[in-house]
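Take a look at the structure below.
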Amino acid sequence: PDLIPPDLNFEIKECEKSVSPDGCFLLGAEILTLMFNSSADDLDYYEFNSATTTATSTIYTLPGKGIFTFIAKAFDKAGNESEAKTIMLEMRDAKGAVVINEVAWAGTSAESADEWIELYNTTDKIISLDGWTLYAEADARPYIPLSKTIQPHGYYLLERKDDNAVSDIKADLIYGNDGPDFALNDTGEILILDYASTTVDKTAECNIRRSH
21 PDLIPPDLNF
31 EIKECEKSVS
41 PDGCFLLGAE
51 ILTLMFNSSA
61 DDLDYYEFNS
71 ATTTATSTIY
81 TLPGKGIFTF
91 IAKAFDKAGN
101 ESEAKTIMLE
111 MRDAKGAVVI
121 NEVAWAGTSA
131 ESADEWIELY
141 NTTDKIISLD
151 GWTLYAEADA
161 RPYIPLSKTI
171 QPHGYYLLER
181 KDDNAVSDIK
191 ADLIYGNDGP
201 DFALNDTGEI
211 LILDYASTTV
221 DKTAECNIRR
231 SH
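Written out as structure tokens, the structure reads:
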């Protein structure tokens, strides 16, 4: 009799776009593509949670936000089953995952061009800011591509032109120069924090007299 269980590869495609290096953490992705693969010649079907399929991929719609566990197995025609493969993922709204916490609109008393911006991670996960942007809504001046990571419930400091604006804290990102393309408009503008064309956070209209 055939007693050899089939092998199984199980992936969730959207986890490739996880915003965290600490597991599969998705912002706003409600539809998942579950992918199965086995080299068994006598494969019969795949099972995930309470569902079965003979296809190598299937679409699954999450019922809401939260933490979800997917357990998959492969079965051959002799009834042998593979070792179970488990994927855990967390999905939440992008909005508010990271917020614009503070803006030094007027720079410092020493130099008005020493502007700085602070972000705050509201989640329990490390978040990669690669591919995120921070920009002025009206004219995209400044327009700042972000990088690196922000720790759970941690801060991320952006300083304009050098690391001298906040002397006792090392900047996570130094952006721009003394030129007008990177200056915050003192007469007022709105800053947008963007991830994958989604507004994660935005300020009220801020100016030199009223900061956010």
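Numbering (the working numbering), first residue to last: 21 to 232.
Note that beta-carbon positions come from the ideal geometry of N, C-alpha and C, so glycine has one too.
The structure presented is a predicted model; accordingly, all values stated were derived computationally and were not measured.
Nearest residue (CA-CA) to residue i, options the options
i	options	result
threonine 169	Asp182, Tyr163, Asn141, Ala156	Asn141
lysine 37	Phe56, Asn29, Leu149, Leu46	Leu46
aspartate 62	Asp27, Leu193, Ile164	Asp27
glutamate 138	Ser148, Ala156, Lys93, Ala191	Ala191
glycine 86	Thr74, Thr72, Glu110	Glu110
isoleucine 25	Pro172, Ser102, Ser40, Ile91	In the sequence as presented, isoleucine is not what sits at residue 25; that position holds proline. With distances taken between Cα atoms, proline 25 lies closest to Ser102.
aspartate 159	Thr74, Ile91, Ala203	Ala203
Beta-carbon proximity list for residue i, same chain, < 6 Å, skipping 5 on both sides
i	result
serine 70	none
threonine 78	Leu54
leucine 52	Ile32, Glu34, Tyr80
glutamate 157	Ile210, Ile212
glutamate 67	Lys93
asparagine 29	Asn57
glycine 174	Asn141
glutamate 225	Gly208, Ile210
asparagine 197	Lys181
alanine 60	Pro26, Asp96
threonine 74	Tyr65
cysteine 44	Cys35, Ser38, Leu109
tryptophan 152	Leu166, Tyr215
Chain-order list of residues whose beta-carbon lies under 7 Å from that of residue i (same chain, five-residue window excluded)
i	result
aspartate 64	Phe95, Asp96, Lys97
threonine 76	Met55, Phe56, Asn57
threonine 89	Thr106, Met108
tryptophan 136	Ala124, Leu177, Leu178, Glu179, Arg180, Ala185, Val186
leucine 82	Glu50, Leu52, Phe88, Met111
glycine 199	none
Exposure of residue i, with buried meaning 16 or more beta-carbon neighbours within 10 Å
i	result
aspartate 134	buried
glutamate 179	buried
alanine 216	exposed
threonine 223	buried
glycine 116	exposed
valine 39	buried
Assumed close pair residue i, residue j - CB separation to whole angstroms, cut-off 8 Å
i	j	result
leucine 193	leucine 213	Their Cβ separation, rounded to whole angstroms, is 13 Å, which puts leucine 193 and leucine 213 out of contact at 8 Å.
proline 162	aspartate 201	7 Å
asparagine 100	leucine 23	7 Å
alanine 114	glycine 48	4 Å
aspartate 19	isoleucine 146	The structure shown does not extend to residue 19, since the chain is modelled only from 21 through 232, so no value can be given for it.
isoleucine 164	leucine 154	5 Å
proline 172	threonine 143	6 Å
heavy atom of the ligand PLP below 7 Å from residue i C-beta
i	result
valine 119	Absent from the structure shown: the ligand PLP. Ligands present: none.
Residues of its chain near residue i, where Cβ-Cβ distance is below 8 Å and the 5 sequence neighbours each way are ignored
i	result
threonine 72	Tyr65, Tyr66
aspartate 183	Lys190, Ala191, Ile194
Where in the region 39-80 do unbroken runs of the beta strand (DSSP E), each at least 3 residues long, occur, reported from the N-terminal end onward? List check, beta strand (DSSP E) in window: 44-47, 51-57, 63-68, 71-73.
Those runs of the beta strand (DSSP E) which lie wholly inside the region 162-221 and span at least 3 residues: Within the region 162-221, the complete beta strand (DSSP E) runs of at least 3 residues are 163-165, 175-180, 193-195, 211-215.
List, from N- to C-terminal side, the beta strand (DSSP E) runs of 3 residues or more that fit wholly inside the region 79-153. You should have 86-96, 105-112, 118-124, 136-141.
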